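Everything on this sheet refers to the single structure shown next.
Protein chains in written order, with the working numbering: chain A, 886 to 1522; chain B, 227 to 442.
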């Protein structure tokens, strides 16, 4: 977009050369195994989560095939239990969270903040390897035929040792704790990155809405996960050590599990969709060429959704016989969530209406997302009516509601984001027509898949049933759902196929194909290892549209100002105002994150097979890995 | 390098960690820092996560307490009061020594840092040794397998002891690191571990308070 580019000076060439050498990664596979580059880690997350997405999708298709007609026996009932449990665990813990925070957040946050890497690059690598190890750990159970089988929320007493002997639930407990470690690391890393690593001068009100959304989701993860960790620790102890947390006969409580689970579980819903809000608030300005309406309100709403989300957990438990006061309190608290959600929907719609909307594929996915989010939100409000909720609890109506939210409101923006940032990540343009076709197939498929679930739910079909008798009138709806599932799969294959073909045959994209709003569009595609040759000047949340600032950055490169090339250097700012506080040296590539993740995996495997003394030995391996890790001090490198 | 201003601060005024190559330069640079470091924020995040975990444990304690008529249940001895209270008071004084160590490190006083860390370490190890002995002794009269009271009592107390033990390992590691002088990295580490110990001391006070509330 530049009209007057200063001529490249010999000095600028020299500076770029130095940066290139300073930030050069190790070559080959070893480079990927030891990388601390947020972009490479983001891509590793992307590929790994796609594999888990395929696994979760295959489980969903098997479930739908089993339910296509009355009295089917495609899989055994015990396998069916494992399939729906693993489908839930996979899609939540191994697809959506790592895809949004891991892949999108990792790749894009530093680029949007004008930073060269995350606050803790080695911990970032550790997050990925721990995530991958926990995924492999929990999927091992499926291949051993002992996968978790008590539903993704794993209620006791069904999950107690008495009713579910064997290792299935132990895999669940340990796998969830292991995965939670990775998510906690990611969340802390994101919070500190957003607070401290912004380019000097990017005060809070100049930060893109995408970053507000990821800040909100990270706070959600950080404060919600410990509750799930405690819950799974208690269950593991109950099952394997003989404690009585959930044993009513010995003074324990069954509802304790549900409370602790949903104290995590409801914020979790917002953790899933708030990053998707963030993706939407980046795509909409780019394709309407208009700043998002009501910026401060949207920023506050993103944070408020998560904050209020911590006070509504018991609406998952209206059918458990809690006191009326409690039930009414949580119904009222839940209704408040409507306000920040609606603020955002209206802000998006007004940006569409008052802007110059170009309905390219990413924006189509966002329009579809708003449609699905409103539809899922409306059924969500219905659950506030306690008598209605008690009727539909554990029916397919609930399944329909949360799939509209989770597939419609979380996965649609993920697909939109894949298209939107594809040119940035690969340097190639995707093909537009197949992109639009893939959207319409997925949109029609998901509605055909999830809408009839409302109807069979109201007709009394409970979730997680293995099969159902003929003559209840559920056959046609279930058939339509299964057809919808296959259509959705075709759409996703078209989408991914389009991206693969575009990667091979696409036209070069250039740095800024959309005239996007944020800093990642100011740098070449794909971005260089050091991201920004010059630490950018930022005077608004739509930095790429501030032409004068971008011209100034070019001049600074020619004069070699604000380049920070004396090492792996990165400016650090104050958390609110973006005062320039420090210039720190960042760590280089390191083999220790992957070794530490391996040591941690060893501990969890030994715990699973009850080798308590062995687990202590595993902990000393963890300590050794940490010792090696901290033997490399960044400023001595 | 021109006198470029970004985020309200001219570049020459910004502390640059690559400049600190020995203890004196580290102290000079640390004196110019006006903001908590990235490492401090990282430790704050860890503490936020751990405090939430303990909050969940304590919430569980009271949830179970109020769903039981007798707490502790008949036949289970009440927790000991006097010795744990005295011990936790002594442990809390290590917040002072840890902070003095962090302040000394910031001024580049290597020997003072080592001395304060060693003082703190002696008290911390003493506390943990007695508490582990006491924990094992109590297990002779009641166990986590007896009832829900025992389960949460030993889990909460054990989790707290684990945090004290991790803190002790961190202080030993710091002393070992400081054998080879002070660097920016080690200064950040001393400050971070001091923050960790403030949190652990506070947590221990709260945890002991919660566990002793059964005697009221």
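All C-beta atoms, glycine included, are put in the ideal place defined by N, C-alpha and C. Please read all numbers here as calculations on a predicted model, not as lab measurements.
Between the stretch 396 to 412 of chain B and the stretch 241 to 253 of chain B, do three or more beta carbon pairs fall short of 8 angstroms? By the Cβ criterion, the stretch 396 to 412 of chain B is in contact with the stretch 241 to 253 of chain B, since at least three pairs of Cβ atoms, one from each stretch, lie closer than 8 angstroms.
Suppose you measure from the CA of residue 1268(A) to the CA of residue 930(A); what does that come to, to the nearest Å? Indexing the first chain from 1 puts residue 1268(A) at position 383. Indexing the first chain from 1 puts residue 930(A) at position 45. One C-alpha to the other measures close to 35 angstroms.
Comparing C-alpha positions only, which one of 1517(A), 1487(A), 1509(A), 1491(A) sits nearest to residue 1015(A)? Your numbering for residue 1015(A) matches position 130 in the first chain. It is 1487(A).
Based on DSSP bridge pairs, tell me the residues matched to residue 1193(A). Against the first chain, residue 1193(A) aligns to sequence position 308. Per DSSP, none; premise fails for residue 1193(A).
So is residue 427(B) in contact with chain A if we call contact Cβ pairs under 9 angstroms? Residue numbering aside, residue 427(B) sits at position 201 when the second chain is read from its first letter. No, no contact with chain A.
Please name the residue, chosen from 1054(A), 1083(A), 912(A), that lies closest to residue 1464(A) on a Cα-to-Cα basis. Here the question's residue 1464(A) lines up with position 579 in the first chain. Of 1054(A), 1083(A), 912(A), the residue nearest in Cα terms is 1083(A).
According to the Cβ coordinates, are residue 1441(A) and residue 1419(A) closer than 9 angstroms? The residue you call residue 1441(A) lines up with position 556 of the first chain. The residue you call residue 1419(A) lines up with position 534 of the first chain. Cβ atoms of residue 1441(A) and residue 1419(A): closer than 9 angstroms.
Are residue 1175(A) and residue 1265(A) close, meaning C-beta to C-beta below 9 angstroms? Here residue 1175(A) corresponds to residue number 290 of the first chain, with the count starting at 1. Here residue 1265(A) corresponds to residue number 380 of the first chain, with the count starting at 1. With a cutoff of 9 angstroms on beta-carbon distance, residue 1175(A) and residue 1265(A) are scored as not near each other.
Establish whether the CB of residue 1526(A) and some CB of chain B are separated by less than 9 angstroms. Summary: the structure shown does not reach residue 1526(A), with chain A confined to residues 886 through 1522, and so no result is reported for it.
Using the beta-carbon count (16 or more within 10 Å), is residue 355(B) buried or exposed? In the second chain, residue 355(B) corresponds to position 129, counting from 1. Result: exposed.
Residue 1128(A) CB to nearest chain B CB: under 9 angstroms? For the purposes of this step, residue 1128(A) is taken as the residue at position 243 of the first chain. So yes, residue 1128(A) belongs to the interface.
Just how far apart, CA to CA, sit residue 1125(A) and residue 914(A)? What you label residue 1125(A) is simply residue 240 of the first chain in a count that begins at 1. What you label residue 914(A) is simply residue 29 of the first chain in a count that begins at 1. Taking the straight line from one Cα to the other gives about 40 angstroms.
If I measure Cβ to Cβ from residue 1091(A) and keep anything under 6 angstroms in the same chain, skipping five residues before and after, which residues do I get? Locating residue 1091(A) in the first chain gives position 206, counting from the first residue. Same-chain partners within the cutoff: 1423, 1425, 1426.
Quick one: is residue 1465(A) near chain B, going by C-beta distance under 9 angstroms? Translated into positions along the first chain, residue 1465(A) becomes position 580. Output row for residue 1465(A): interface = yes.
Between the C-alpha atoms of residue 886(A) and residue 1307(A), what's the straight-line distance to the nearest angstrom? Within the first chain, residue 886(A) is the residue found at index 1, counting from 1. Within the first chain, residue 1307(A) is the residue found at index 422, counting from 1. Legend: pLDDT at residue 886(A) = 44, less than 50; position of this residue unreliable, value from coordinates given subsequently. Roughly 20 angstroms separates the two Cα atoms.
Under the three-state reduction of DSSP, which class applies to residue 1317(A): helix, strand or coil? Here residue 1317(A) refers to the residue found at position 432 of the first chain. If DSSP states are grouped into helix, strand and coil, residue 1317(A) belongs with the helices.
Please work out which residues of its chain come closer than 8 angstroms, Cβ to Cβ, to residue 284(B), disregarding the five sequence neighbours upstream and downstream, and give them in chain order. As a first step, residue 284(B) must be located in the second chain, where it is residue number 58. Excluding positions up to five away in sequence, the list reads 382, 432, 433, 436.
Measuring CB to CB, does residue 1483(A) end up less than 9 angstroms from residue 1018(A)? Locating residue 1483(A) in the first chain gives position 598, where the first residue counts as 1. Locating residue 1018(A) in the first chain gives position 133, where the first residue counts as 1. In this structure, residue 1483(A) sits near residue 1018(A), with a CB-CB distance shorter than 9 angstroms.
Give me the Cα-Cα distance between residue 1310(A) and residue 1415(A), rounded to the nearest whole angstrom. Position 425 of the first chain holds residue 1310(A). Position 530 of the first chain holds residue 1415(A). Between the alpha carbons of residue 1310(A) and residue 1415(A) lies a gap of roughly 14 angstroms.
Is the Cβ of residue 283(B) closer than 9 angstroms to any Cβ of chain A? Position 57 of the second chain, counted from the first residue, corresponds to residue 283(B). At a cut-off of 9 angstroms, the C-beta of residue 283(B) has a neighbouring C-beta in chain A.
How many Å lie between residue 1521(A) and residue 1405(A) at the Cα? As a position in the first chain, residue 1521(A) is number 636, starting the count at 1. As a position in the first chain, residue 1405(A) is number 520, starting the count at 1. Here residue 1521(A) scores only 42 on pLDDT, less than 50, and its place in the model should not be relied on; the value that follows carries that caveat. Straight through space, the alpha carbons of residue 1405(A) and residue 1521(A) are spaced by roughly 31 angstroms.
Check the Cβ of residue 319(B) against every Cβ in chain A and list those closer than 9 angstroms, keeping chain order. Here the question's residue 319(B) lines up with position 93 in the second chain. At a beta-carbon threshold of 9 angstroms, none of the residues of chain A lie near residue 319(B); the nearest stands roughly 27 angstroms away.
Can you tell me which residues form a DSSP beta bridge with residue 1458(A)? Taking the first residue of the first chain as position 1, residue 1458(A) is located at position 573. Paired residue(s): 1465(A).
So with CB distances below 7 angstroms, who are the chain A contacts of residue 233(B)? As a position in the second chain, residue 233(B) is number 7, starting the count at 1. 1085, 1086, 1458, 1463, 1464, 1465, listed in chain order.
If we ignore side chains and look at the alpha-carbon of each, how far apart do residue 237(B) and residue 243(B) end up? As a first step, residue 237(B) must be located in the second chain, where it is residue number 11. As a first step, residue 243(B) must be located in the second chain, where it is residue number 17. Rounded to whole angstroms, residue 237(B) to residue 243(B) spans 13 angstroms at the Cα level.
Quick one: give me the first and last residue of the alpha helix (DSSP H) that residue 1361(A) is part of. The count along the first chain starts at 1 and reaches residue 1361(A) at position 476. First-last of the alpha helix (DSSP H) with residue 1361(A): 1360 to 1390.
So residue 341(B) and residue 320(B) are supposed to be a Cβ contact under 8 angstroms. How far apart are they, rounded? Within the second chain, the letter at position 115 stands for residue 341(B). Within the second chain, the letter at position 94 stands for residue 320(B). Between residue 341(B) and residue 320(B) a beta carbon distance of about 14 angstroms is seen, past the 8 angstroms cut, so the two are scored as non-contacting.
Considering only their Cβ atoms, is the gap separating residue 1105(A) from residue 1067(A) smaller than 9 angstroms? Counting from one through the first chain, the residue named residue 1067(A) turns up at place 182. Counting from one through the first chain, the residue named residue 1105(A) turns up at place 220. Judged by their CB atoms, residue 1067(A) and residue 1105(A) are not nearer to each other than the 9 angstroms cut-off.
Should residue 1009(A) be labelled buried (16 or more other beta-carbon atoms within 10 Å of its own) or exposed? Position 124 of the first chain, counted from the start, is the residue given in the question as residue 1009(A). With at least 16 other beta carbons inside 10 angstroms of its own, residue 1009(A) counts as buried.
Are the stretch 1396 to 1403 of chain A and the stretch 1363 to 1380 of chain A in contact at 8 angstroms, needing three or more beta carbon pairs? No, because fewer than three Cβ pairs between the stretch 1396 to 1403 of chain A and the stretch 1363 to 1380 of chain A fall closer than 8 angstroms, the two stretches do not touch.
Using 9 angstroms as the threshold, is the C-beta distance between residue 268(B) and residue 1115(A) below it? Numbered from 1 along the second chain, position 42 holds the residue referred to as residue 268(B). Numbered from 1 along the first chain, position 230 holds the residue referred to as residue 1115(A). Annotated as distal: residue 268(B) and residue 1115(A), with beta-carbon spacing of 9 angstroms or more.
Consider the Cβ of residue 337(B): report whether some Cβ of chain A lies at a distance smaller than 9 angstroms. Here residue 337(B) refers to the residue found at position 111 when the second chain is read from its first residue. So, not an interface residue.
Of the residues 1321(A), 1261(A), 1171(A), the one placed nearest residue 1154(A), counting alpha carbons only: Indexing the first chain from 1 puts residue 1154(A) at position 269. Here the closest residue by C-alpha is 1261(A).
Contacts that residue 1111(A) makes with chain B (C-beta to C-beta distance below 7 angstroms): Here the question's residue 1111(A) lines up with position 226 in the first chain. Going along chain B in sequence order, the residues near residue 1111(A) (Cβ under 7 angstroms) are 275, 278, 279, 282.
Roughly how many angstroms lie between the CA atoms of residue 1516(A) and residue 1402(A), to the nearest whole one? Counted from its first residue, the first chain places residue 1516(A) at position 631. Counted from its first residue, the first chain places residue 1402(A) at position 517. Using only the alpha carbons, I get a separation of about 41 angstroms.
Is it buried or exposed, residue 257(B), if we count other Cβ atoms within 10 angstroms and call 16 or more buried? By 1-based counting over the second chain, the position of residue 257(B) is 31. So residue 257(B) ends up on the exposed side.
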